[in-house]
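The structure appears right after this line, and notes come after that.
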Ligand SMILES: Cc1cc2nc3c(=O)[nH]c(=O)nc-3n(C[C@H](O)[C@H](O)[C@H](O)COP(=O)(O)OP(=O)(O)OC[C@H]3O[C@@H](n4cnc5c(N)ncnc54)[C@H](O)[C@@H]3O)c2cc1C
Ligand code: HEM
Ligand code: HEM
Ligand code: SF4
Ligand code: F3S
Ligand code: FES
């Protein structure tokens, strides 16, 4: 016999006229190996078919299922209920637009981010179908992969007070995304061009250093390191722009 | 009443996985207007889950020396058990190296060759030369003669999806995410596009286009246990099947991956065995060499999966603490802490997070699990679907027929971008030459039909069946009757059960109000289509009285080229409760049927 | 986000550089202030050694016009700092609510520390003004005047039998702790943002320094009250 658990779940569906935000309790019996993915699906199938939430891969690789679990943003699919108290809360991520209950619109937010940071390889080279690939040091490939591992779950945005109170702040994920392109030798953008997309308060200079992102990223990206790297790089670039004579 | 919004474009792409996105790029680059629809933001598509890698005969790594498209082609055909379309396979193998290099130019951080002597954990010793240093490297994968699986650490699918999506962003192709195509609109000759439900608010919208591409991925979720994401429900195939005109090809060809990890059946990548991992039984005995002395753990997936089940049946399975189903062990401890937590980090994390097991120190429970749908919307080699003009399909949703009856590991990710490129070009060509008059009566009827269906589901007019009960019953039926080892009797029973479920699925009534972004309604709408898909698998398997690739009939254990060198085409006629099966011959112009070379033909009973 | 982008693109591209300069200036003002505070505390702590040393030091500062220059400069930096750093504080009611709600929900250490920094900033602001006011109105600075300030200066001293509670010292203890908290963690945040060190180790180093400074400060305060109570040492009050 498993433990009896109670999940207090945020409920609000903006599409249903007259619906009001509230917390609703669901009681379940826990079993071996139960994750929040299993628990929430059990609720939907057996207790309340209206409950809205997002899961895709259920293996902690797609970033769909981030929510506030007992107040902290986490991936629900890799959260085992046995590591939680017998009564806990689940709420949708803040910052992102609420779709319903636990589901928020990260898709649009992140697409805007890609467009705003022009997060693609900028190059003047034309691809030649018959040529060999350009050589690259394996070390650099591995370095690029580090920030590239971000799954765009939005945890680092949701837990950042700055992102919560400033609509135009791109969050750690945004700065990390730019970091990925800065270290990629295939992207021919000059520092001044990167400065254009992150060198302001919406980007790297908006970060106050709260470090919730660094502590809560479920992919355990080294965000402090990456954020500081971009900040230094951009400070250098910005100073060069401001004082053209300067050598850095 | 009509749809809330009607969108027009030249090319409508249903799906935003690798195949869909890659083809959208091709169409957009040809100057066409493109709209992409997806259940989820593109980067959450299931292609991201692929950890292992992509096959391409670059021949850079020492163990891949001398590789070329011809060898890749032979591996693919053997892997498919001569069930694939050889022309497609040839075209694929020749194109895929450039695809890898193009992905590189777009930003995929492929791992590179480093010069020097290496001793792999598996015991193999090689030396990479300076001359190849910095070129894209490769790892070993099952069923191949050479090492040719290109990878980025443990996140190949992830990086490739992200990079391809950056190009979609760069080209500013609109993506309508959280939109689900629920039916195709057609006039019996030409496909017009689709009716789609907005999963943000529940509204119905219409998308009209000269060409429609289905790139909706696999149908793994018709099985209760699958390595697939929960959105891999085969909807793209189901809506094509429902037209009555478009057939699904080879649906009985379902791949089971040897190493799904209970209790959630998350995949432990083949890379784990490629890098030198073993399979152990309850006595800690490494049993694969007993069955497959040559390829051992790295025989093709169908073979390894069958050997594992065979071994469990022989009494060597490990009792599970989660379920009644026994499992075996995956052992990568000997690869060492460093190797496991860098090169196999993703699976190390998965084992840790979902099982509390550190694979560098402990054994990981594994069991063969549904993994891949070789079958799908049958297309010609341009990716054009049979039966309707202007309809195309690619990726796992399609039966382009690169994989025949068994897909090689790493060939599917490679297929998505290659098909996206090759077929995407053909779509562009077709679309540039096409004009389309939309008969608005047809469009309105299609919307009306869906609207009525939704109203009936909400009001419970047709019945009060519980949609979740039906899904669960379908999943377990497929597990019990249409799994790795199949027999006529079990399949007959399975088909009968599914027919019963199909009837019930037409009488679903919601328990909730169905308002807004209601998840119960979303499932109820597609449930009958899922059961139809399951029936195509089960019935196709019942009728195919031979064993080929991953389709294994205990009552017909041999491949039968005389009678069965053909492809199943399953149609669904209106009002039927079973698919209508048709067959087309499979040509073998380049490589005539022979032994697959996995030692299976000579395999005897279990050695004790 | 789209709007912000358009604004940035169309209104003024060089907005971005301003943001950098402002952020840099904020960090620099912070570094100067924490540098000042720590030095200041060391200076004040000379009282522990002897009132003579304290006096010699402050006389020296006066003699070479270091005080005359240093005091206004510090005041200026503080004002600049308030303007620069203040813009980062949640000022609107909506922001305050969000900040409080998220911080309580997440129970995240660094976030709470920052909230504490914003709160102490307010206290430091008020207390620093008072502090500077009393110092400048009781010029010059000598051990005796300081001791008098620290140990008394209240509207009425509370006395239990022979023990007189040094009323104003409470102000200084709070001031000391607030100032150190605000500045110490401020420095941590600067280092985290520009980041050369792993932040957890660095956090401990800074906490260590902070504790040392606070202990020094408390000892100095204690010494002042002793001096104040003892006329032989120049105590002016009792
Ligand atoms: C765990 C795992 C590991 C794998 N590892 C490898 C590997 O290492 N190498 C390899 O080659 N292959 C691997 N594969 C297989 C390979 O990943 C998939 O076959 C391939 O990614 C499928 O790509 P796709 O583009 O066809 O579909 P998907 O990536 O699945 O995309 C489907 C898209 O369709 C959308 N969609 C679905 N239905 C609808 C609808 N009704 N309306 C609108 N949109 C819809 C979805 O939102 C999604 O965007 C692996 C598979 C799994 C499950
Ligand atoms: C009236 C007094 C003061 C006010 C209102 C004030 C306000 C603030 C605020 C709101 C911050 C947070 C800024 C951010 O998060 O980016 C801050 C940061 C800081 N403060 Fe103050 N402060 C005051 C006095 C001081 C004093 C006296 C010191 C020195 C001891 C000091 C040192 C710092 C430091 C080092 C930082 C970190 C700066 C950064 O992160 O860039 N402050 N201050
Ligand atoms: C530049 C102007 C300043 C001068 C000349 C000055 C001088 C002094 C002196 C002489 C003392 C001893 C007690 C007294 O005489 O009151 C003192 C104490 C103190 N000052 Fe200042 N101060 C200045 C600014 C500040 C600022 C900006 C802070 C805030 C961060 C500060 C924090 C303190 C504290 C906390 C004490 C208590 C000392 C202790 O605990 O021993 N001072 N200051
Ligand atoms: S950086 Fe980490 S927390 Fe932020 S979106 Fe990426 S994976 Fe999520
Ligand atoms: S939490 Fe926010 S303020 Fe910066 S350090 Fe992380 S982005
Ligand atoms: S469902 Fe994909 S990360 Fe949780």
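Residue numbers (the working numbering), protein chains in the order written: chain A, 939 to 1186; chain B, 22 to 629; chain C, 4 to 241. Cβ coordinates follow ideal geometry from the N, Cα and C atoms, glycine included.
Exercise for review: Consider the C-beta atom of residue 971 of chain A and the heavy atoms of ligand 6; say whether any pair is separated by less than 6 angstroms.
Suggested key: For the purposes of this step, residue 971 of chain A is identified with residue 33 of the first chain, where counting begins at 1. Here the distance from the Cβ of residue 971 of chain A to the nearest heavy atom of ligand 6 is not below 6 angstroms.
Check your understanding: Between residue 623 of chain B and the rest of its own chain, which residues show a CB-CB distance below 7 angstroms, the 5 nearest in sequence each way excluded?
Key -> One-based indexing of the second chain puts residue 623 of chain B at position 602. Below a pLDDT of 50, predicted positions are generally treated as unreliable, and residue 623 of chain B, at 37, falls in that range; the measurement from the model is reported next regardless. Cβ neighbours of residue 623 of chain B beyond the five flanking positions: none.
Exercise for review: Let me know the alpha helix (DSSP H) ranges lying completely inside the stretch 42–128 of chain C, each 4 residues or longer, listed in chain order.
Suggested key: 54–66, 69–89, 96–109
Exercise for review: Determine whether the Cβ of residue 977 of chain A lies closer than 7 angstroms to any Cβ atom of chain B.
Suggested key: Position 39 of the first chain, counted from the start, is the residue given in the question as residue 977 of chain A. No, residue 977 of chain A lies away from the interface with chain B (no Cβ there is under 7 angstroms from its Cβ).
Point to revise | Closest residue to residue 1025 of chain A among A:1007, A:1103, A:1034, A:1041 (Cα-Cα distance) | key: For the purposes of this step, residue 1025 of chain A is taken as residue 87 along the first chain, with counting starting at 1. That would be A:1007, whose Cα lies nearest to the Cα of residue 1025 of chain A.
Review point. Counting contacts by CB-CB distance shorter than 7 angstroms, is residue 26 of chain C in contact with chain E?
Key: Included in the structure are the protein chains A, B and C, with no chain E among them.
Review point. Looking at the C-beta of residue 1028 of chain A, does it have a partner C-beta in chain B at a distance below 7 angstroms?
Key: In the first chain, the residue the question calls residue 1028 of chain A occupies position 90. Output row for residue 1028 of chain A: interface = no.
Practice item. Please go through the stretch 445–522 of chain B and give each complete alpha helix (DSSP H) segment of 4 or more residues, from N-terminal end onward. Key: 461–480, 488–502
Check your understanding: Between residue 132 of chain B and residue 173 of chain B, is the Cβ-Cβ spacing less than 7 angstroms?
Key -> Taking the first residue of the second chain as position 1, residue 132 of chain B is located at position 111. Taking the first residue of the second chain as position 1, residue 173 of chain B is located at position 152. Yes; because the gap between Cβ atoms is below 7 angstroms, this pair is in contact.
Point to revise | Unbroken beta strand (DSSP E) run spanning residue 93 of chain B, endpoints | key: Mapped onto the second chain, residue 93 of chain B falls at position 72. It is not in any beta strand (DSSP E) - residue 93 of chain B instead sits in the alpha helix (DSSP H) that spans 90–100.
**Study point:** C-alpha gap between residue 156 of chain C and residue 229 of chain C, whole angstroms
**Key:** Numbered from 1 along the third chain, position 153 holds the residue referred to as residue 156 of chain C. Numbered from 1 along the third chain, position 226 holds the residue referred to as residue 229 of chain C. Reliability of the predicted coordinates at residue 156 of chain C is poor, the pLDDT of 49 falling under 50, and the value obtained from them is presented with this limitation in mind. C-alpha separation (whole angstroms): 15 angstroms.
Check your understanding: Quick one: which chain A residues come within Cβ less than 7 angstroms of residue 197 of chain C?
Key -> Indexing the third chain from 1 puts residue 197 of chain C at position 194. Simply 1166, 1169, 1170.
Point to revise | Through-space distance from residue 216 of chain B to residue 206 of chain B, alpha-carbon basis | key: Here residue 206 of chain B refers to the residue found at position 185 of the second chain. Here residue 216 of chain B refers to the residue found at position 195 of the second chain. Approximately 7 angstroms, taken between the alpha carbons.
Check your understanding: Within 6 angstroms: the Cβ of residue 1084 of chain A and any heavy atom of ligand 4?
Key -> As a position in the first chain, residue 1084 of chain A is number 146, starting the count at 1. No; taking the cut-off as 6 angstroms, the Cβ of residue 1084 of chain A has no heavy atom of ligand 4 nearer than that.
Check your understanding: Between residue 156 of chain B and the rest of its own chain, which residues show a CB-CB distance below 8 angstroms, the 5 nearest in sequence each way excluded?
Key -> Here the question's residue 156 of chain B lines up with position 135 in the second chain. So the qualifying residues of the chain are 79, 81, 133, 134.
Review point. Going by the C-beta, is residue 249 of chain B closer than 6 angstroms to any heavy atom of ligand 4?
Key: Counting from one through the second chain, the residue named residue 249 of chain B turns up at place 228. Checking the Cβ of residue 249 of chain B against ligand 4 gives no.
Review point. DSSP three-state call for residue 50 of chain B: helix, strand or coil?
Key: Residue mapping note: residue 50 of chain B aligns to position 29 of the second chain, counting from 1. In the structure shown, residue 50 of chain B sits in a helix (DSSP, three-state: H, G or I).
Review point. Is it the case that the CB of residue 1089 of chain A approaches a heavy atom of ligand 1 more closely than 6 angstroms?
Key: In the first chain, counting from the first residue as 1, residue 1089 of chain A sits at position 151. No - ligand 1 has no heavy atom lying nearer than 6 angstroms to the Cβ of residue 1089 of chain A.
Check your understanding: What does residue 968 of chain A reach in chain B if we use C-beta pairs closer than 9 angstroms?
Key -> Translated into the one-based positions of the first chain, residue 968 of chain A becomes position 30. Neighbours of residue 968 of chain A on chain B: none; closest Cβ ~13 angstroms, over 9 angstroms.
Exercise for review: For my contact list, residue 117 of chain B and residue 418 of chain B are in at a C-beta cut-off of 8 angstroms; report their separation, rounded to the angstrom.
Suggested key: Reading the second chain from its first residue, position 96 is the one you call residue 117 of chain B. Reading the second chain from its first residue, position 397 is the one you call residue 418 of chain B. No, residue 117 of chain B and residue 418 of chain B are not in contact; Cβ-Cβ is about 19 angstroms, not under 8 angstroms.
Review point. Just the Cα atoms here: how many angstroms apart are residue 220 of chain B and residue 200 of chain B?
Key: Residue numbering aside, residue 220 of chain B sits at position 199 when the second chain is read from its first letter. Residue numbering aside, residue 200 of chain B sits at position 179 when the second chain is read from its first letter. Rounded to the nearest angstrom, the two C-alpha atoms are 5 angstroms apart.
Check your understanding: From residue 241 of chain B to residue 618 of chain B, what distance separates their C-alpha atoms?
Key -> Position 220 of the second chain, counted from the first residue, corresponds to residue 241 of chain B. Position 597 of the second chain, counted from the first residue, corresponds to residue 618 of chain B. Spanning the two alpha carbons is a distance of roughly 28 angstroms.
Check your understanding: Can you list the residues of chain A that residue 198 of chain B reaches, using a CB-CB cut of under 7 angstroms?
Key -> As a position in the second chain, residue 198 of chain B is number 177, starting the count at 1. Under a criterion of Cβ atoms nearer than 7 angstroms, the residues of chain A adjacent to residue 198 of chain B are, in order, 1045.
Check your understanding: According to DSSP, which residues form a beta bridge with residue 1011 of chain A?
Key -> Against the first chain, residue 1011 of chain A aligns to sequence position 73. For residue 1011 of chain A, DSSP records a beta bridge to A:1006.
**Study point:** Interfacial residues, the stretch 1121–1132 of chain A to chain B, with Cβ spacing under 9 angstroms
**Key:** 1122, 1124, 1125
Review point. Is any heavy atom in ligand 1 found nearer than 6 angstroms to the beta carbon of residue 35 of chain B?
Key: Numbered from 1 along the second chain, position 14 holds the residue referred to as residue 35 of chain B. Indeed, a heavy atom of ligand 1 lies less than 6 angstroms from the Cβ.
**Study point:** Test item: CB-CB of residue 60 of chain C and residue 49 of chain C under 7 angstroms
**Key:** Sequence index remark: in the third chain, residue 60 of chain C carries index 57 (1-based). Sequence index remark: in the third chain, residue 49 of chain C carries index 46 (1-based). Result yes, Cβ atoms of residue 60 of chain C and residue 49 of chain C sit closer than 7 angstroms.
Practice item. Answer yes or no: does any C-beta atom of chain A fall closer than 7 angstroms to that of residue 525 of chain B? Key: As a first step, residue 525 of chain B must be located in the second chain, where it is residue number 504. False, the Cβ-Cβ gap to chain A never drops below 7 angstroms.
Practice item. Report buried or exposed for residue 994 of chain A, applying the criterion of at least 16 other Cβ atoms within 10 angstroms of its Cβ. Key: The count along the first chain starts at 1 and reaches residue 994 of chain A at position 56. Residue 994 of chain A should be labelled buried.
Exercise for review: Just the C-alpha distance for residue 1052 of chain A and residue 992 of chain A, rounded to the nearest angstrom, thanks.
Suggested key: Numbered from 1 along the first chain, position 114 holds the residue referred to as residue 1052 of chain A. Numbered from 1 along the first chain, position 54 holds the residue referred to as residue 992 of chain A. If you take the alpha carbons of residue 1052 of chain A and residue 992 of chain A, they lie about 22 angstroms apart.
Review point. Sorry if obvious, but does the Cβ on residue 326 of chain B come closer than 6 angstroms to a heavy atom of ligand 1?
Key: The count along the second chain starts at 1 and reaches residue 326 of chain B at position 305. Result no, Cβ not under 6 angstroms from ligand 1.
Practice item. Using a Cβ-Cβ cut-off of 7 angstroms, state whether residue 190 of chain B counts as contacting chain A. Key: As a position in the second chain, residue 190 of chain B is number 169, starting the count at 1. It does; some Cβ of chain A falls within 7 angstroms.
Check your understanding: For residue 212 of chain B, which beta-bridge partners are listed by DSSP?
Key -> Locating residue 212 of chain B in the second chain gives position 191, where the first residue counts as 1. Partner(s): B:207.
Practice item. Using 6 angstroms as the cut-off, classify the Cβ of residue 201 of chain B as near or not near the heavy atoms of ligand 1, replying yes or no. Key: Locating residue 201 of chain B in the second chain gives position 180, where the first residue counts as 1. Yes; taking the cut-off as 6 angstroms, the Cβ of residue 201 of chain B has a heavy atom of ligand 1 nearer than that.
Point to revise | Complete alpha helix (DSSP H) runs within the stretch 250–305 of chain B (minimum length 4 residues, chain order) | key: You should have 256–263, 292–295.
Exercise for review: With distances taken Cα to Cα, identify the nearest neighbour of residue 949 of chain A among A:962, A:955, A:968, A:1180.
Suggested key: Position 11 of the first chain, counting from 1, holds the residue named residue 949 of chain A. Looking at the Cα atoms, A:962 is the closest of the given residues.
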